[in-house]
Amino acid sequence: MTEFDAIVVGAGPAGTSAALTLARGGLRVALLERGPYAGAKSLMGGVLYTDVLVQLLPDFRQRGAPLERHVAKKGMSILSDRAETALSFRTAAWDEPPHNHSYTVLRARFDRWFAAQAEAEGVELVCGAVVDRTVKDREGRVVGVRVRMPEGEAAEGGDLRAPVVIAADGANSFLAEAEGLKPPPSGAHMALGVKEVLGLPREVIEERFGLQGDQGVAWEYLGAATGGLRGAGFLYANRESLSVGVVVFVSELGARQQNPTELLDRFKSHPAVAPLVRGGELLEYGAHLIPETGYDRIPLLVKDGFLLAGDAAGLVSTSPSHEGSNYAMASGMLAAETVLEAHRAGDFSAVTLSGYRRRLEESFVLKDMEHTRDWPGFLEKNPHVLNAWPDALSALAEATLRVGAKPRAEREGELWELFQRRVGLLPLATTAFQLRNALRVLGYGRSDKLMEYLARNW
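Here is the structure:
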């Protein structure tokens, strides 16, 4: 039996951030990772927002963080079966450090590097460690974990003791369920991300996306990208590869009897996407669960001697911004700060550890999650936004841009008739009314003020 001051389960962004913060606070910390190395189970190939990372490691670039490209261009496309309506943004300001604090990364590489930084500052990283359950004292307080080493290495396992455990073991956290802090995952509140990494020469990527040097691109796709299911497609440019995939709700996959692999293949073959991924060599394929529980379903976060962080706590943005890693890092850091306070007080009760929730509420994590709490419900109540309106938008755009011999007034009349037939004024107004709170995800603040502005000016 080995004694520590704190144990962290899971060496992803949340767990490593927690362990690093604890070690800097003078504690002896064990960071337990189920995979053979940190990052071995990490699938994400996407955007890393570094606002929290820079607080932990201000010199992360000088330390050789495995960043792929800085995001110089962002965009969103609405797809019908044959067409694309796109909105993009790029600015020279993002080419200047700190590059809008966002980089494309491959988490398998990044997580391994990040855990090594924590190890260098005294964290005891143990890989290949399967945590089956917590260990409790006679009063039922968590005082450690039971560790099993795979492949018959039981002699190296056993109990690890500490007065407090932080569970950062991912979306499907068995520890959180076993401790009664949250129920088993529901398909209605869990998304499945299916992703491929496609290898392409650097010069090909830069030519296709109009990039130079270390410039990168992050692109989201709605509508036909997911066959009209709630979710999105994505494409991110790395140095010599593309991360391409789809994210959809598990319940809708089951209800529609959709094969996620076929959904991804269909997305890659879309006329707007196929030219971008053409000739890519399949380097990696995988699937990963993403909690979509949102602010209203955040689980209990603490009990005596025990805290949740990152995906295990459902701390993922459910808005179109798709933030996750920065939420994870922030929650890990705040959980660790709470544990350091508990160590100073010599009290690891749920009452003392409840300061963790207060810290989260004061941070951008829960403020942003509360701000966008209505977005998932809006899409669930208005499925036409993703399955019918993309086709209507494409038809309207095509009709608007068509050049012909008809007078403009006559063409405008045809457009109005097309709009009424494919969308309708009343359905549009009804959907816009329901969108009044969900619009906050676009940064407009109070949506009622936006609606008043639209009413006055449009």
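Under the working numbering, read the sequence shown as residues 2 to 459, first letter to last.
For every residue, glycine included, the Cβ atom is placed at its ideal position computed from N, Cα and C.
In this text, all values refer to a predicted model and were calculated from it rather than measured experimentally.
Which residues DSSP lists as bridging residue i, in chain order
{"i": "Ile79", "result": "Thr86 and Leu223"}
{"i": "Met330", "result": "DSSP lists no partner for Met330."}
{"i": "Glu418", "result": "Bridge partners of Glu418: none, in fact."}
{"i": "Lys1", "result": "Since the first and last residues shown for the chain are 2 and 459, residue 1 lies out of range."}
{"i": "Gln213", "result": "None, per the DSSP bridge assignment."}
{"i": "Ala12", "result": "None; Ala12 has no bridge partner."}
{"i": "Thr3", "result": "Leu161"}
{"i": "Ile291", "result": "Ala192"}
{"i": "Ala168", "result": "Val10 and Leu309"}
{"i": "Glu125", "result": "Ala31"}
{"i": "Glu285", "result": "Val198"}
{"i": "Tyr38", "result": "Note: Tyr38 sits in no beta bridge, so no partner."}
{"i": "Leu243", "result": "Leu199 and Ala238"}
Top-ranked residue by Cα proximity to residue i, from the options
{"i": "Pro98", "options": "Gly414, Phe61, Ala393 and Glu197", "result": "Phe61"}
{"i": "Ser364", "options": "Leu354, Gly333 and Arg113", "result": "Gly333"}
{"i": "Arg358", "options": "Glu85, Gly47, Arg29 and Thr339", "result": "Thr339"}
{"i": "Leu88", "options": "Thr373, Leu223, Pro151 and Thr51", "result": "Leu223"}
{"i": "Pro300", "options": "Ala172, Pro37, Val106 and Gly229", "result": "Ala172"}
{"i": "Ala351", "options": "Leu394, Val303 and Leu402", "result": "Val303"}
{"i": "Thr92", "options": "Glu85, Pro391 and His100", "result": "His100"}
{"i": "Thr294", "options": "Ala410, Val278, Leu277 and Gly315", "result": "Gly315"}
{"i": "Trp390", "options": "Gly255, His102, Thr432 and Arg409", "result": "Thr432"}
{"i": "Pro428", "options": "Ala179, His385, Ala331 and Arg403", "result": "His385"}
{"i": "Val136", "options": "His102, Arg113 and Ala179", "result": "Ala179"}
{"i": "Lys382", "options": "Ala41, Asp112, Gly280 and Phe434", "result": "Phe434"}
Residues near residue i by beta carbon distance below 8 angstroms, same chain, minus five either side
{"i": "Ala155", "result": "Low confidence applies here, because Ala155 scores a pLDDT of 42, under 50, leaving its location unreliable; read the following figure in that light. Taken in chain order, the residues that qualify are Arg149."}
{"i": "Thr22", "result": "Leu57, Gly333, Met334, Ala337, Glu338 and Leu341"}
{"i": "Val30", "result": "Phe5, Asp6, Ala7, Ile8, Val9, Ala20, Leu23, Ala24, Gly123, Val124 and Glu125"}
{"i": "Ile291", "result": "Ala172, Met191, Ala192, Leu193, Gly194, Val248, Asp312, Val317 and Gly325"}
{"i": "Ala400", "result": "Arg412, Glu415, Leu416 and Leu419"}
{"i": "Asp96", "result": "His71, Ala73 and Gln216"}
{"i": "Asp138", "result": "Val144"}
{"i": "Phe90", "result": "Lys74, Lys75 and Gly76"}
Residues of its chain near residue i, where Cβ-Cβ distance is below 7 angstroms and the 5 sequence neighbours each way are ignored
{"i": "Pro202", "result": "Glu241"}
{"i": "Asn327", "result": "Tyr50, Asp52 and Val53"}
{"i": "Gln213", "result": "Glu207"}
{"i": "Gly229", "result": "Leu387 and Asn388"}
{"i": "Arg64", "result": "Leu58 and Gln118"}
{"i": "Gly153", "result": "Residue placement at Gly153 cannot be trusted, given a pLDDT of 49 that sits under 50; what the coordinates show is reported in the next sentence. Cβ within range, chain order: n/a, list empty."}
{"i": "Ala396", "result": "Leu419 and Arg423"}
{"i": "Leu394", "result": "Ile79 and Thr86"}
{"i": "Gly255", "result": "Gly188"}
beta-carbon residue i near the ligand MG non-hydrogen atom, thresh 6 angstroms
{"i": "Arg149", "result": "In the structure shown, the ligand MG is absent, as is every other ligand, since no ligand is present at all."}
Beta-carbon spacing of residue i, residue j below 7 angstroms
{"i": "Ser174", "j": "Ala313", "result": "yes"}
{"i": "Arg70", "j": "Gly217", "result": "yes"}
{"i": "Arg142", "j": "Arg134", "result": "no"}
{"i": "Glu253", "j": "Arg231", "result": "yes"}
{"i": "Arg374", "j": "Tyr286", "result": "no"}
{"i": "Leu161", "j": "Gly181", "result": "no"}
{"i": "Leu44", "j": "His289", "result": "yes"}
{"i": "Gly46", "j": "Leu107", "result": "yes"}
{"i": "Ala273", "j": "Glu85", "result": "yes"}
{"i": "Val366", "j": "Ala329", "result": "no"}
Whole-number beta carbon distance between residue j and residue i, since they are thought to touch under 8 angstroms
{"i": "Gly206", "j": "Leu243", "result": "It is worth fixing the name first, because residue 206 is Ile in this sequence and not Gly. Ile206 to Leu243, Cβ: 7 angstroms. Contact."}
{"i": "Ala15", "j": "Ala39", "result": "Not confirmed; about 12 angstroms, so no contact."}
{"i": "Gly306", "j": "Val166", "result": "6 angstroms"}
{"i": "Leu354", "j": "Ala343", "result": "6 angstroms"}
{"i": "Glu204", "j": "Val245", "result": "Actually they are not in contact, since the Cβ atoms of Glu204 and Val245 sit about 19 angstroms apart, beyond 8 angstroms."}
{"i": "Ala189", "j": "Phe115", "result": "Incorrect: roughly 32 angstroms between the Cβ atoms, too far for contact."}
{"i": "Arg35", "j": "Ala130", "result": "7 angstroms"}
{"i": "Ala226", "j": "Leu80", "result": "5 angstroms"}
{"i": "Val132", "j": "Leu284", "result": "Not really, about 30 angstroms apart at Cβ, beyond 8 angstroms."}
{"i": "Leu277", "j": "Arg209", "result": "6 angstroms"}
{"i": "Leu309", "j": "Ala163", "result": "Their Cβ separation, rounded to whole angstroms, is 16 angstroms, which puts Leu309 and Ala163 out of contact at 8 angstroms."}
{"i": "Cys128", "j": "Pro37", "result": "6 angstroms"}
Sequence-distant residues of its chain with Cβ nearer than 6 angstroms to residue i (five each side left out)
{"i": "Glu221", "result": "Met77, Ala233 and Phe235"}
{"i": "Tyr104", "result": "Leu49, Leu68 and His71"}
{"i": "Leu380", "result": "Arg231"}
{"i": "Thr3", "result": "Leu161"}
{"i": "Thr17", "result": "Phe115, Ala116 and Ala119"}
{"i": "Gly444", "result": "Because the pLDDT of Gly444 is 48, which lies under 50, any placement of that residue in the model is unreliable, and the number read from its coordinates should be weighed accordingly. Closer than 6 angstroms at Cβ, skipping near neighbours: no residue."}
{"i": "Trp459", "result": "Interpretation of Trp459 is limited by its pLDDT of 44, a score under 50 that renders its predicted location unreliable; the figure taken from the coordinates is listed afterwards. The answer is none, since no qualifying residue turns up."}
{"i": "Phe349", "result": "Pro164, Val165, Gly306 and Ala343"}
{"i": "Glu356", "result": "The question names Glu, but residue 356 in the sequence shown is Gly. Thr339."}
{"i": "Lys269", "result": "Val278"}
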